[in-house]
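In the UniProt record's numbering, the protein residues as written are 1 to 284.
Read the structure below first, then the notes.
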Amino acid sequence: MTRKKGKQLNWGVERRYEFIEFRLFWQGRINRGDLMDAFGVSTQQASLDLNAYTDQAKRNLVYDKSLRTYLRGKQFKPKYLKPDAEEYFAQLRAVDQGLVSAEQSWISVFPGFGATPTPARGVAPETLRDVLAAIRLPAALQVTYQSMSRPEPSARWIEPHALAFDGFRWHARAFCQNDQVFKDFLLSRIVEVGDQGPVTSDPSSDGAWHTDVLLEIGPHPDLSDNQRRAIEMDYGMEAGHAQIVVRRALLFYALKRLGLDTDPAARKPQDQQIVLLNRDEVVG
Numbered sequence: 001m002t003r004k005k006g007k008q009l010n011w012g013v014e015r016r017y018e019f020i021e022f023r024l025f026w027q028g029r030i031n032r033g034d035l036m037d038a039f040g041v042s043t044q045q046a047s048l049d050l051n052a053y054t055d056q057a058k059r060n061l062v063y064d065k066s067l068r069t070y071l072r073g074k075q076f077k078p079k080y081l082k083p084d085a086e087e088y089f090a091q092l093r094a095v096d097q098g099l100v101s102a103e104q105s106w107i108s109v110f111p112g113f114g115a116t117p118t119p120a121r122g123v124a125p126e127t128l129r130d131v132l133a134a135i136r137l138p139a140a141l142q143v144t145y146q147s148m149s150r151p152e153p154s155a156r157w158i159e160p161h162a163l164a165f166d167g168f169r170w171h172a173r174a175f176c177q178n179d180q181v182f183k184d185f186l187l188s189r190i191v192e193v194g195d196q197g198p199v200t201s202d203p204s205s206d207g208a209w210h211t212d213v214l215l216e217i218g219p220h221p222d223l224s225d226n227q228r229r230a231i232e233m234d235y236g237m238e239a240g241h242a243q244i245v246v247r248r249a250l251l252f253y254a255l256k257r258l259g260l261d262t263d264p265a266a267r268k269p270q271d272q273q274i275v276l277l278n279r280d281e282v283v284g
C-alpha cells in the first residue's frame, strides 16, 4: 500500500490504521470483525484500534448503531493511506491470477471483474533462487541458455545484478562474460544453472541500466478532437501530453508494448492512438 508519512507508531498498529482507511475509502465501512479476520487480533485489540483511530480522526468515520459498523464520514481525509487506483487494480489482478487468495486481499467485497489471460512463463523457482543468490553475493553463474540465435542451448557465464520485467516476461540483467557486454537473459530460457564464480564487472558500469529515458507521448494528431480527449483521459495527459520514464536498457520493450516501435503512419490513427512526441530524441 502507498502510505502517508505520519508520526512514528508501532508498525503493526500503523498497518491496521492503514487497513481501516483502506476499507473506509474503498468500501465505505469497517468493523471489528474486519480487523480480526485480516490481522488475527482479538476482539479487544480490534476495539482498541478502532477507538484509538477514532480519537485522532473523528471526522473520518461515524458509528451506525443499527448496522453495528463504522461508516466513512462525509469529511473523510486519510492520514495513513494514500489512495491509489493502481494499487486497487493490482489487488484485483493478483486475486484473479491466483497469486493471492481473496482472504489475503484487503478487498472484502469484490466487484465483478475479469482480465485478459497472461500466458504462463516457465521460470523454474530454483533458477530464480540461484539468480537472486548471485545478485546478493554478488557472484557469476555458469548457465546453459537457449537463445533465439542458436539451435541448441549453450553454456555461458553471466553476472546478474538486477531483475527486469518487460510487461510479459522476466529477465535477469547481467554482464555476459562470453560477449563482454551487459544484456538481458530471459529467466525462462535458462535451462540449467551450474557453478558460481567470481564477478569481473561492476554493475554501476551498466550505463543503459542506470540511464533513464523520458518518453513524451500524445494522442495521434489525426484523431478527431473528441477522440484525442478520450486518449488524453486514458493516459492521464495534461495539455495534450504525458511523460513516461524508462530505463534505457528497457526502452526496446517499453516502445514495443506501447506500440511506439513502428512508424505511426503505418497504422490507422484509431489503432495507433498515441505517438512519441520526442521520437528524434529517443530513437534518433
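We put the CB at the ideal spot given by N, CA and C, even for glycine.
- Nearest C-alpha to Asn278 among Ala208, Lys268, Pro264 and Gln270: Pro264.
- Bridge pairing for Tyr145: Ser154 and Ile190 [DSSP].
- Of Met148, Pro160 and Leu50, the smallest CA-CA separation from Trp209 is found for Pro160.
- By the neighbour-count criterion, in which 16 or more other beta carbons inside 10 Å mark a residue as buried, Trp11 falls on the exposed side.
- A residue is called buried when at least 16 other Cβ atoms come within 10 angstroms of its Cβ; Leu141 meets this threshold and is buried.
- Taking Arg150 as the centre and dropping the five residues before and after it, the same chain places no C-beta closer than 6 Å to its C-beta.
- In this structure, the straight-line span from the alpha carbon of Leu163 to that of Gly114 is close to 28 Å.
- Taking Arg257 as the centre and dropping the five residues before and after it, the same chain places the C-beta of Gly167 closer than 6 Å to its C-beta, in chain order.
- At the C-beta level, Gln180 and Pro219 stay beyond 9 Å of one another.
- Shortest Cα-Cα distance from Ser224 to any of Glu87, Ser201, Ala254 and Lys268 involves Lys268.
- Cα atoms of Ala102 and Val109: separation of roughly 10 Å, rounded to the nearest angstrom.
- For Glu281, the enclosing alpha helix (DSSP H) stretches over residues Arg279 to Val283.
- Distance from the CA atom of Gly73 to the CA atom of Asp212, rounded to whole angstroms, is 43 Å.
- Annotation note: the stretch 43-84 contains the following uninterrupted beta strand (DSSP E) runs of length 3 or greater, listed N- to C-terminal: 61-64 and 69-72.
- Burial state of Thr116 is exposed, judged by a 10 Å Cβ sphere holding fewer than 16 other Cβ atoms.
- Pro153 and Gly259 have their C-alpha atoms spaced approximately 31 Å apart.
- Only exposed fits Asp234, as fewer than 16 other CB atoms lie within 10 angstroms of its CB.
- Arg169: not part of any beta strand (DSSP E); DSSP gives it neither H nor E.
- For the pair Gly240 and Glu232, the Cα-to-Cα distance works out to about 6 Å.
- Pairwise C-beta distances place the stretch 120-137 out of contact with the stretch 42-61, as fewer than three of them are shorter than 8 Å.
- Assigned with DSSP and collapsed to three states, Gly33 falls in helix.
- For Gln273, there is no enclosing alpha helix (DSSP H), as DSSP marks it with neither H nor E.
- Pro198 and Ala139 have their C-alpha atoms spaced approximately 5 Å apart.
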